[in-house]
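Here the protein sequences come in this chain order: P and W.
According to my numbering, the residues represented by the first sequence are 1 to 99, in order.
According to my numbering, the residues represented by the second sequence are 100 to 198, in order.
No residue lacks a Cβ here, since even glycine has one placed at the ideal position from N, Cα and C.
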Amino acid sequence: MIERGHHDMGGLPAGKVEPTEHDYAEWERRVDAMSMLMGAQGVTVDERRKNIEMLPPEAYDRMSYYERWVVSLAQALIQRGILTTAELARKMSDVEQRG
Amino acid sequence: MWSSVVEVKYKVGEKVKVMKAYPLGHVRTPFYIRGHVGTIERLCGSFPNPEELAQMRDGLPAQPLYRVRFLQNEVWPDYRGGPADVVEIEIFQHWLEKA
């Protein structure tokens, strides 16, 4: 059985890497801060990476860097029993309705 | 530094083979290097096993981590660079066997 994780793409054909300078949005800075704070509370980078690696391939490709991180942080909170999936779903629905 | 550490098995200059295995989970050994033979370039230290940290366990005993050097033209069949070009990858001891 050969299983290559979707994220484990080293060596696969790909286009040229175009480095660009960009500023970070406020929410991206917040995700970064939350990531650091949860790290200090013992949520390891490996745990956070595991959650990113579990994303379906289409979602992994579609999401931006910090979108992937925020999903992984939410999953870590759910896995630790701090948030429930229902609470997260309710909040997502509220935010969606704000438009 | 860690309460328990696995004994260091390999010396600088020794040839090692990366396990050719494809388990699911948070694996730090890149897919493309599994099954290849390289040379120990240095011991980087010993660290908790990220595969275990990802599952919210302590990752102990700590595993020795090596920087392993591979010839590019042995890794990539269609490599068009120089014959002395190398790629160096940090790999945990439990992914290595004597070549």
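Reduced DSSP category for residue i - H, G, I as helix; E, B as strand; rest coil
i: residue 138(W); result: strand
i: residue 2(P); result: coil
i: residue 35(P); result: helix
i: residue 83(P); result: coil
i: residue 115(W); result: strand
i: residue 123(W); result: coil
i: residue 88(P); result: helix
Residue i burial status per 10 Å Cβ neighbour count (16 or more: buried)
i: residue 46(P); result: buried
i: residue 125(W); result: buried
i: residue 55(P); result: buried
i: residue 50(P); result: buried
i: residue 92(P); result: exposed
i: residue 106(W); result: exposed
i: residue 31(P); result: buried
i: residue 65(P); result: exposed
i: residue 122(W); result: exposed
i: residue 95(P); result: exposed
Supposed contact pair residue j and residue i - C-beta distance, whole angstroms, cut 8 Å
i: residue 187(W); j: residue 135(W); result: With a Cβ gap of about 13 Å, residue 187(W) and residue 135(W) do not count as contacting.
i: residue 10(P); j: residue 129(W); result: 5 Å
i: residue 109(W); j: residue 195(W); result: 7 Å
i: residue 101(P); j: residue 36(P); result: In the structure as shown, chain P begins at 1 and stops at 99. Residue 101(P) is therefore absent and cannot be evaluated.
i: residue 161(W); j: residue 147(W); result: 5 Å
i: residue 142(W); j: residue 163(W); result: 6 Å
Range covered by the beta strand (DSSP E) that runs through residue i
i: residue 168(W); result: 162–170
i: residue 185(W); result: 185–191
i: residue 196(W); result: 195–197
7 Å Cβ shell around residue i - same chain, five flanking residues per side excluded
i: residue 53(P); result: 5 and 7
i: residue 168(W); result: 137, 138, 140, 185 and 187
Bounding residues of the alpha helix (DSSP H) (the contiguous stretch that carries residue i)
i: residue 73(P); result: 65–79
i: residue 107(W); result: Premise fails: residue 107(W) is in no alpha helix (DSSP H) and is neither H nor E.
i: residue 152(W); result: 149–152
i: residue 47(P); result: 45–53
i: residue 133(W); result: No alpha helix (DSSP H) contains residue 133(W), which DSSP labels as neither H nor E.
i: residue 57(P); result: 57–62
Contacts around residue i, its chain only, beta-carbon distance under 6 Å, and the 5 residues preceding and following it disregarded
i: residue 118(W); result: 194
Own chain, CB closer than 8 Å to residue i, minus 5 neighbours either side, in chain order
i: residue 78(P); result: 84, 85 and 88
TODO: Using a Cβ-Cβ cut-off of less than 7 Å, list which residues of the segment 42–64 of chain P approach chain B; keep chain order.
DONE: In summary, chain B is missing from the structure at hand, where the protein chains are P and W.
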